[in-house]
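**Q**
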């Protein structure tokens, strides 16, 4: 196959980019993770596996477990909300779809940190949601939303929802409507059509969306910090603390490697599942 | 050709460097008018950026090197940590005409006995705040009052391990600078029983959380309480009986700073009585500048939130570097936050 100059240039650029900004930093993290911490230096060149051994201390294992639970629940919530959302999008009149998709993407134009602060304005005791509910007489006393687990999930789901909607939409849009019509004609009800046709045919979108939500959810430390009141450590905040607060770079690097490894494992599983699906 | 462009860029960069002063300070810690006036008077352009923890600042200076900043404002125990590690440049006091304005009581502290590396900028305290409208006057007077069961889910703690563990140490009658592992463990055990009362940890802007009434009582910085009072007069600041945590933030010049002359000029400018007065009145922390204290409006000078009385400061403690013991503090802090 002969590639155009542009294609070759693009591939080279991409390659250089990945080597410089993904591969090399990852190697540096790997090296740091097997070195020691100094009293006045961030890193001492004394090889050790102590950093990895420490990760299996019950305190740190608890942090990993908590983060996995947080990420799993977030993924599940996103899936439940995004599925009907994407299905509606995929069945909307063709002329509307680009506009609707743009509306899903528009929030990305604002930094997610800024949007998290905006959520605080909505959720706080004297915030817009409470003010509106009080005004309408639906509640008598303000709801306690901020600095709770509920607020954390609202923030996580809000931020990551588009990552679930877009792949689901792509998968659902491809489903041949005639299949569903045929099933309907043959007497299949709503649930039967959903379970036996729509979900199996959109499985690749469900898996892709779940990966795109689950993986960033593991590292998103600022949402639990800002909306949850920094009461619980998750992997992301734990790694940040090791680098910024406790100045134990090798330990932070080891935790970061473990996280990368977990993510790599999941991506590998995904690739394996896709290959089997095609075969 | 490339070399010429590079040289030209370098020359431009150098020129900019001579007329530019890079200041790295705590957030909400210097009024903009002060910086603008300095720029107008000196013709030096100030590039200003902020941080919200000593640790974040330290990590940047240590990795990026001193040449990225000309002025930094570390707190008490970070001054001796940084000078010990050779990160700070000596300050030439002969270039500071206004040095004599400083309160001798705040000079020569253990973290920098001769003030070779640091010039006090502001000092303040970490004490308690409470909403008098909700809780009534005099609701709390001691750190141990925070453990009151009535405050379940209503408490704010700062997100700073030395302060939170230090507060618990003081409530137990120990020093907040202890290096004794047993005492630190006792403080951790005591804090564990406080967790049901804690709604959140926040050091970035406690005043916002108090103003929005998410919490009604907890730890706070005196300046945050002072600033909150413009919107919420009922927020009271308390100097706890067991002793308040006191800190001084100092102006330092990192080793390798590009613009040492301008840095000295800026420090001297900040030491002018009228400038120090403006800063103290706007941000609500106390100035170590005695000449400025004399200029203060009587109501500011008499404001106990900014200028505590000798009684308020009884048993108060300056935060000091605890050396290697910091790792013990860190372990218990992580344990506290994972609920173990």
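Residue numbers (our numbering), protein chains in the order written: chain E, 2 to 280; chain V, 1075 to 1414.
For every residue, glycine included, the Cβ atom is placed at its ideal position computed from N, Cα and C.
Is the shortest distance between the beta-carbon of residue 63 of chain E and the beta-carbons of chain V less than 7 Å?
**A** For residue 63 of chain E, the answer is yes, since a Cβ of chain V falls inside 7 Å of its Cβ.
**Q** Taking C-alpha atoms, which residue in E:55, E:22, E:19 lies nearest to residue 35 of chain E?
**A** Nearest C-alpha to residue 35 of chain E: E:55.
**Q** Cutting at 7 Å between CB atoms, please list the residues of its own chain near residue 1146 of chain V, excluding the five before and the five after it.
**A** Correct list, in chain order: 1098, 1131, 1135, 1326, 1328.
**Q** Is there a Cβ of chain E sitting closer than 7 Å to that of residue 1091 of chain V, yes or no?
**A** Interpretation of residue 1091 of chain V is limited by its pLDDT of 48, a score under 50 that renders its predicted location unreliable; the figure taken from the coordinates is listed afterwards. No, residue 1091 of chain V lies away from the interface with chain E (no Cβ there is under 7 Å from its Cβ).
**Q** Buried or exposed: which applies to residue 1355 of chain V, given that a residue is buried once 16 or more other Cβ atoms fall within 10 Å of its Cβ?
**A** It counts as buried.
**Q** From the DSSP secondary-structure annotation, give me the bridge partner or partners of residue 37 of chain E.
**A** Paired residue(s): E:45.
**Q** In chain order, what are the residue ranges of uninterrupted alpha helix (DSSP H) at least 4 long that sit wholly in the region 1149-1194 of chain V?
**A** 1150-1158, all fully within the region 1149-1194 of chain V.
**Q** Quick check: the region 241-252 of chain E against the region 262-272 of chain E, are at least 3 beta-carbon pairs closer than 8 Å?
**A** These segments do not touch.
**Q** Could you tell me whether the region 136-149 of chain E touches the region 227-241 of chain E, where touching means 3 or more Cβ pairs closer than 8 Å?
**A** The region 136-149 of chain E is in contact with the region 227-241 of chain E.
**Q** Is residue 1314 of chain V buried or exposed, if buried means 16 or more other CB atoms sit within 10 Å of its CB?
**A** Under this definition residue 1314 of chain V is a buried residue.
**Q** Flag this pair as yes or no: are the beta carbons of residue 75 of chain E and residue 227 of chain E separated by less than 7 Å?
**A** In this structure, residue 227 of chain E does not lie closer than 7 Å to residue 75 of chain E by Cβ.
**Q** Where does the unbroken beta strand (DSSP E) through residue 1124 of chain V begin, and where does it stop?
**A** Run containing residue 1124 of chain V: 1119-1125, per the beta strand (DSSP E) assignment.
**Q** Entirely within the region 103-168 of chain E and at least 4 residues each: give me those alpha helix (DSSP H) ranges in chain order.
**A** Runs of the alpha helix (DSSP H) inside the region 103-168 of chain E: 113-124, 129-136.
**Q** Starting from residue 1227 of chain V, trace the beta strand (DSSP E) in both directions and tell me its first and last residue.
**A** Segment: none, residue 1227 of chain V is in no beta strand (DSSP E) and carries neither H nor E.
**Q** Examine chain E for any beta-carbon lying closer than 7 Å to the beta-carbon of residue 1088 of chain V, and answer yes or no.
**A** Any reading at residue 1088 of chain V must be qualified, since the residue scores a pLDDT of 49, below 50, and its modelled position is unreliable; the value itself is stated next. It does not: the Cβ of residue 1088 of chain V has no partner Cβ on chain E nearer than 7 Å.
**Q** Let's see if you can read the secondary structure: which residues bound the alpha helix (DSSP H) around residue 61 of chain E?
**A** 59-92 is the extent of the alpha helix (DSSP H) around residue 61 of chain E.
**Q** Hey, does residue 1123 of chain V have any beta-carbon neighbour from chain E nearer than 7 Å?
**A** No, no contact with chain E.
**Q** Using a Cβ cut-off of 9 Å, pull out every chain E residue sitting near residue 1286 of chain V, in sequence order please.
**A** Simply 121, 125, 126, 127, 128, 147.
**Q** According to DSSP, is residue 251 of chain E helix, strand or coil?
**A** Of the three classes helix, strand and coil, the one that applies to residue 251 of chain E here is helix, per DSSP.
**Q** Anyone know if the C-beta pair for residue 1412 of chain V and residue 240 of chain E falls short of 7 Å?
**A** Contact: no.
**Q** DSSP state of residue 1288 of chain V, grouped into three classes?
**A** If DSSP states are grouped into helix, strand and coil, residue 1288 of chain V belongs with coil.
**Q** Can you say whether residue 256 of chain E is buried or exposed, counting buried as having 16 or more other CB atoms within 10 angstroms of its CB?
**A** It counts as buried.
**Q** Which residues in chain E sit within 9 Å of residue 1130 of chain V, going by Cβ to Cβ distance?
**A** Neighbours of residue 1130 of chain V on chain E, chain order: 245, 246.
**Q** Residues in the region 229-240 of chain E with C-beta within 7 Å of chain V's C-beta atoms, listed in sequence order?
**A** Listed in sequence order: 230, 231, 232, 233, 234.
**Q** Tell me whether residue 1197 of chain V is buried or exposed, calling it buried when 16 or more other Cβ atoms sit within 10 Å of its Cβ.
**A** Residue 1197 of chain V is buried by the Cβ-count criterion.
**Q** Report yes if the C-beta distance between residue 1150 of chain V and residue 1322 of chain V is below 7 Å; otherwise report no.
**A** Going by C-beta atoms, residue 1150 of chain V is nearer than 7 Å to residue 1322 of chain V.
**Q** With a threshold of 16 other CB atoms inside 10 Å of the CB of residue 1232 of chain V, please say whether the residue is buried or exposed.
**A** Label assigned to residue 1232 of chain V: buried.
**Q** Decide if residue 5 of chain E is buried, meaning its Cβ has at least 16 other Cβ atoms within 10 Å, or exposed.
**A** It counts as exposed.
**Q** Would you say residue 1192 of chain V and residue 1107 of chain V are within 7 Å of each other, going by their C-beta atoms?
**A** No, the Cβ-Cβ distance between residue 1192 of chain V and residue 1107 of chain V is not below 7 Å.
**Q** Just by C-beta distance, which residues in the region 18-50 of chain E are closer than 8 Å to chain V?
**A** Within the region 18-50 of chain E, the residues whose Cβ lies closer than 8 Å to some Cβ of chain V are 40, 41, 43, listed in chain order.
**Q** Considering just the uninterrupted stretch of the alpha helix (DSSP H) at residue 1275 of chain V, what are its terminal residues?
**A** Here residue 1275 of chain V belongs to no alpha helix (DSSP H); instead the beta strand (DSSP E) covers 1272-1275.
**Q** Against chain V, does residue 60 of chain E count as a neighbour if the rule is that its beta carbon must be under 7 Å from one of theirs?
**A** Answer yes: the Cβ-Cβ gap between residue 60 of chain E and chain V drops below 7 Å somewhere.
**Q** For residue 1127 of chain V, return the contacting residues in chain E, with the cut-off set at a CB-CB distance below 8 Å.
**A** Going along chain E in sequence order, the residues near residue 1127 of chain V (Cβ under 8 Å) are 245, 246.
**Q** Answer with yes or no whether the minimum CB distance from residue 1133 of chain V to chain E is below 7 Å.
**A** Closer than 7 Å to some Cβ of chain E, the Cβ of residue 1133 of chain V qualifies, so yes.
**Q** Assuming the contact rule is C-beta atoms closer than 8 Å, residue 1363 of chain V and residue 1350 of chain V should be a hit. Round their C-beta distance to whole Å, please.
**A** Confirmed, Cβ separation roughly 4 Å.
**Q** Taking only beta-carbon atoms, is residue 1275 of chain V less than 7 Å away from chain E?
**A** So, interface residue.
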